[in-house]
Ligand code: SF4
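Residue numbers (the numbering used here): 4 to 222.
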């Protein structure tokens, strides 16, 4: 550690990325956690690659999936759904959970079909399963709203009871996804996050943030 007073990490503002290319002739920035949190670096390497068998396996399988998804020239060939299948197989999972938004019910059906054809048992649960009415939870009834609301905690708890080994999130609302992750006993991976405007591709707003989306996003 170079300084006694740690500076708030700000990797997003870095221009050197020496962590990725240690050989480059540049100093680590003063806000660099790779340098300033050397103790955490050491402890997490120990945890993730040596001491914790689950984390060690996840790291190893992640590495394999990235490697095997490339051709001999190094080009990437596997999309995220293919990676999900390969990751789950190599982790030895047989039973996957799928927590989805009813707004993506068609996509949930297709994804289930693909996963089942690849040999997995899929336990799927829609966001409206166990939906409380607005009256029931003391929420306002307003004209454009559905009379019922999502129950992400129920989605997680049903998958917990079903003893799924990995839970896939498909299009849950912001906040509901946070609750789902909080209550899920199995590991969780998102296959898509909900973006009602941008076809579930929130990065679209970033790609146009200096143009069309500028006024919508900057204060
Ligand atoms: S860890 Fe350090 S070198 Fe890497 S991106 Fe963050 S600030 Fe930059």
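Cβ atoms here follow ideal geometry from the backbone N, Cα and C, with glycine treated the same way.
None of the values given here were measured: they were computed from a predicted structure.
For the ligand SF4, I want to know if residue 31 counts as a neighbour, meaning its beta carbon is within less than 6 Å of at least one of the ligand's heavy atoms.
For the ligand SF4, a non-hydrogen atom lies closer than 6 Å to the CB of residue 31.
Please work out which residues of its chain come closer than 6 Å, Cβ to Cβ, to residue 223, disregarding the five sequence neighbours upstream and downstream, and give them in chain order.
It is not possible to answer for residue 223, since the shown part of the chain is limited to 4 through 222.
May I ask you to check if the CB of residue 28 is nearer than 6 Å to at least one heavy atom of the ligand SF4?
no
From residue 185 to residue 172, what does the alpha carbon distance come to, in whole angstroms?
13 Å
Residue 136 and residue 151 closer than 7 Å at C-beta
yes
Less than 7 Å between the beta carbons of residue 165 and residue 126, yes or no?
Taking 7 Å as the Cβ cut-off, residue 165 and residue 126 qualify as a contacting pair.
The ligand SF4 and residue 37: does any heavy atom of the ligand fall closer than 6 Å to the residue's C-beta?
yes
Return the CA-CA distance between residue 23 and residue 51, expressed in angstroms with no decimal places.
18 Å
DSSP has residue 94 in a bridge; who is on the other side?
Residue 94 is not bridged to any residue.
Do residue 82 and residue 105 have their CB atoms nearer than 7 Å?
no
Under the DSSP definition of a beta bridge, which residues are partnered with residue 163?
The partner list for residue 163 (beta bridge, DSSP) is empty, contrary to what the question assumes.
Near the ligand SF4: residue 21 beta-carbon under 6 Å from a heavy atom:
yes
Can you check the stretch 97 to 145 for any beta strand (DSSP E) of at least 3 residues that lies completely inside it and give the ranges in chain order?
98 to 103, 124 to 129
In three-state terms, what does DSSP make of residue 47?
helix
Proximity of residue 154 and residue 102 at Cβ, strictly below 7 Å
no
First and last residue of the uninterrupted alpha helix (DSSP H) at residue 64:
56 to 71 is the span of the alpha helix (DSSP H), which, as asked, contains residue 64.
Using CA atoms only, rank isn't needed, just tell me which of 132, 177, 85, 210 is closest to residue 108.
132
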